[in-house]
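Q: Before I ask anything, let me first share the structure, which is written out below as C-alpha cells.
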Amino acid sequence: MSDVLKLGPDTWVRCEAIDEVACGGRMIAISVEAEDAIEGCHRLLEEEREKGALIYGLTTGFGPLANRQVELGELERLQKNLVYHLASGVGEPFGEDVTRAMMACRAVCLARGRSAVRLETLQLLVRWLQDGLVPVVPRYGSVGASGDLTPLAHVALAMMGEGEVFEEGRAVAASSVLEKRGIQPLRLSDRDGLALVNGTSATTAMAALAQVRAQRALDWAVGLSAAFCDVLGGHAQAYDEVFGEVRPHPGQVRVAAALREALADSARVERGFGESRGLPQDPYTLRCVPQMLGAVDDALGFHREVVEREINAVSDNPIFDVARGQVRHGGNFFGQHVAMASDLLNTQLVTMAVLAERQCARLMDEALSGLPAFLQWEDVGVQSGMMGAQVTASSLVAQMRGQMVALSVQSMPTNGNNQDVNPMATLAALRSLELVERLSEVLGILALGVAQAVRKIQAHGQGGFAEATVRRVERVLEVASTIEADRPLYGDIRAIAGLVVGC
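The working numbering applies: residue 1 is where the sequence shown begins, and numbers increase by one.
Written out as C-alpha cells, the structure reads:
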C-alpha cells in the first residue's frame, strides 16, 4: 500500500490502515480540514485561559493533584514534568511495528481537533512517522485508564530528545539521532504533553494489529481445515448450506461456504451417504469446523467494530467542544471497551489453536489418519518425522490456555485512589498480540504437516486434491520444505508462522 492516509476530523481509519503504517508500507499526512480544526480548537483553549477558566492539566496539577492550581508561568515545566514522571515503563520494548501503530493512532485522535494540541506538535509526530523515527517504548506500565500514560510518555520523551529511539534495531539516545538528522526536539507548551499521553492509543494500536493478524490467522485456519479434510477424505456434506439455513450464525455460514468452495473440485472427499466408505460422519476436527471457526469469525467482527470505533474516537480529557464553545471534563480515556473486546478475541485465538493442534494430532497419528506415523514415509522408527513438532504444538496450546485469565476484570486501584477502578486494557490487548504469535506457530506446524502429507501422497501416485489445497501447499513450500529425512524444523515453522500473520 503506497497511498497516503490523510487524517482529518471525519476520516474513518480501519485496522488495516494502522497495520500498513505500522509495517512501513503507508505514510500519513494531516489534511487541511484537520489543520483548521486543530487551530480552531487551540484558539478555544486560549480564550478559556484568558477568561481564567479552570482546565485540568493546564491550570491544575494531574491526577489526585488536580486540586493544586498551577500558574501560567509554570505551564511549560508542568507539561515537561508530566512526561518525565510518567516515563517509568519497564520490560522489553515493544516492536517497532507496535510503536509506529501507537504513534499513528495518537495522530488519528489528535487530528480530530478536540484536544487543543498545537498544530506543530502533531506535525512533528507525523514527521517522525514519515522519517522512520521510532521511540523505544517499554511494554509494561499502563493500566489502560487515563489513557496509556506510560507508553505514550516514552514516545513524547523521545520526541523531546530525551528518550531513546531505534537505529538499525538498537536503542540509541534520541538526542544524537535528532542532531544527526537535523530535527529539532519537541518543546512542550500549553497542553501538548497531556494531549500526547492522555488517550488509549497504545491499547488501540495493539488491538488493531491483533485484529488484522487474527483475521489472517483465521483465513489460514479455514484454508488448512479444508486441506486437512482433503488429505483425510472427509465428509464434505458437513459443510452443506442446509446447516446454516437452520442455524444461521453469520460466521458459520461464511466458513461453511469457504470450505465448500475450497473443496469443490476435490476427488478425495466424500459428498453423500451413498458413497461413504465407513461412518457417515467424521470426528469433530473435520465435521464441526464451520461451528468452531464460525464462532471465531463472528467474534472477530465484534472486535473489529469496537477497535475501529476506538481508533476513530477522541479518548482525551478534557474534550474541547469548539461548536459549543465549551471545555468538558470526563472519562473518554477509560479503555473498558477495548479491554473487553480483547478478552473475547483472546478466547478465540485459543479456540483456533486448540482446533489446529487437534488436527495436527489426528494427521500424525497413523491409527487415526491412515498415513505413516508422524508423516515420515521412510525408515519409521529410525526416523521420527514431525513427532517433535507435534509436541511443540501441544506445548504452545498449553501455554496459551494458561494465559486465559480475563484481564478486563483485573481492576486494581492506583494513582492515590483517583484511579480507583481500572480496565487493564493495555495488558488485554498486549495479550492478544502475544497469543496471535503463538497461534501462528501452531498453524505453522499444521501447515507443514498438511504440505508434507499432500506432497508424499502425490509422490506415491495418488492425487485428486482440490486446486485450493494444491495452492495452499505451494504457498507453504515457498518458505519451507518437505521432510525427506529427519532434520531440524524450527526454521520452517518460524517461516510459515511469519507467512500466516505477516507484517
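Yeah, the Cβ is synthetic: ideal placement off N, Cα and C, and Gly gets one too.
1. Going straight from the alpha carbon of G24 to that of P248, what length do you get?
2. Considering only residues of the same chain and omitting the five flanking positions on each side of Q419, which have a CB-CB separation below 8 Å?
3. Tell me which same chain residues have a C-beta within less than 7 Å of the C-beta of A453, skipping the five on either side of it?
4. Starting from G402, follow the alpha helix (DSSP H) in both directions and report where the run begins and ends.
5. Among Q390, V391, A373 and T392, which one has its Cα closest to the Cα of Q383?
6. On a CA-only basis, which of E270, L300 and A158 is nearest Q252? Give me that one, please.
7. May I have a chain-ordered list of the alpha helix (DSSP H) segments no shorter than 4 residues that lie completely inside the segment 142-216?
8. Between A205 and M102, which are expected to be in contact by the criterion C-beta below 8 Å, what is the C-beta distance as a whole number of angstroms?
9. According to the Cβ coordinates, are V155 and R106 closer than 9 Å?
10. Determine the closest residue to S189 out of A361, I457, L407 and E46, with distance taken between C-alpha atoms.
11. Hey, is the segment 229-245 in contact with the segment 281-292, meaning 3+ C-beta pairs nearer than 8 Å?
12. Would Q399 be called buried (16 or more neighbouring beta carbons within 10 Å of its own) or exposed?
13. Which residues in the same chain have their Cβ closer than 6 Å to the Cβ of G294, if we skip the five residues on either side of it in sequence?
14. Check whether the Cβ of R358 lies closer than 8 Å to any heavy atom of the ligand ATP, and answer yes or no.
15. Where do the ends of the beta strand (DSSP E) carrying G91 lie?
16. Report yes if the CB atom of G161 is closer than 9 Å to the CB atom of V136, and no otherwise.
17. Please classify T59: does DSSP put it in a helix, a strand, or coil?
18. If you follow the beta strand (DSSP E) that P138 is in, where does it begin and where does it stop?
19. Jot down the residue ranges of each uninterrupted alpha helix (DSSP H) in the segment 419-484, minimum 4 residues, whole runs only, in chain order.
20. Am I right that A217 and L443 are in contact with their C-beta atoms under 8 Å? What's the rounded C-beta distance?
21. In this structure, does DSSP put G274 in helix, strand or coil?
22. For R118, write down the residues that DSSP places opposite it in a beta bridge.
23. Please report the straight-line C-alpha distance between G91 and L427, rounded to a whole angstrom.
24. Span of the alpha helix (DSSP H) holding F243?
25. For a test of the three-state rule: what should DSSP assign to P250, helix, strand or coil?
26. Note down, in chain order, each residue of its chain lying with its Cβ closer than 6 Å to the Cβ of G223, except the 5 sequence neighbours on either side.
27. According to DSSP, which residues form a beta bridge with V539?
28. Looking at C-beta atoms only, is the number of pairs between the segment 80-90 and the segment 191-199 that lie closer than 8 Å three or more?
29. For L186, which option in E467, V338 and T121 has the closest C-alpha, if you only look at C-alpha atoms?
30. Please classify I493: is it buried, with 16 or more other beta-carbons within 10 angstroms of its beta-carbon, or exposed?
31. Given this structure, state the Cα-to-Cα distance separating V296 from T60, to the nearest angstrom.
32. Out of G199, A207, N67 and T150, point me to the one whose CA is closest to P93's CA.
33. Report the CB separation of D343 from A262 in whole angstroms; it is logged as a contact under 8 Å.
34. Leaving aside the five residues before and after A425 along the sequence, list all residues of the same chain whose C-beta is less than 6 Å from its C-beta, in chain order.
35. By Cβ distance, which residues of its chain are closer than 6 Å to L124, with the 5 residues on each side in sequence left out?
36. Would A34 pass as a contact of G52 if the rule is Cβ separation under 9 Å?
A: The short version:
1. 40 Å
2. G63, V143, A145, S146 and P413
3. V231, L363, L371 and L375
4. M387 to G402
5. A373
6. L300
7. 149-159, 174-181 and 192-197
8. 4 Å
9. yes
10. E46
11. yes
12. exposed
13. H249, G251, Q252 and V255
14. Ligands are entirely absent from the displayed structure, and the ligand ATP is therefore not among its contents.
15. V90 to P93
16. no
17. coil
18. P138 to Y140
19. 425-459 and 467-476
20. 6 Å
21. Confidence is the limiting factor: at G274 the pLDDT is only 49, short of 50, which leaves the residue's position unreliable, though a coordinate-based value still follows. DSSP places G274 in helix when its eight states are reduced to three.
22. Partner(s): none; R118 has no beta bridge.
23. 13 Å
24. E241 to V246
25. helix
26. R472
27. With the chain covering 1 to 503 only, the question about residue 539 has no answer from this structure.
28. yes
29. T121
30. buried
31. 46 Å
32. T150
33. Incorrect: roughly 31 Å between the Cβ atoms, too far for contact.
34. G144, T203, G335, V338 and A339
35. L186
36. no
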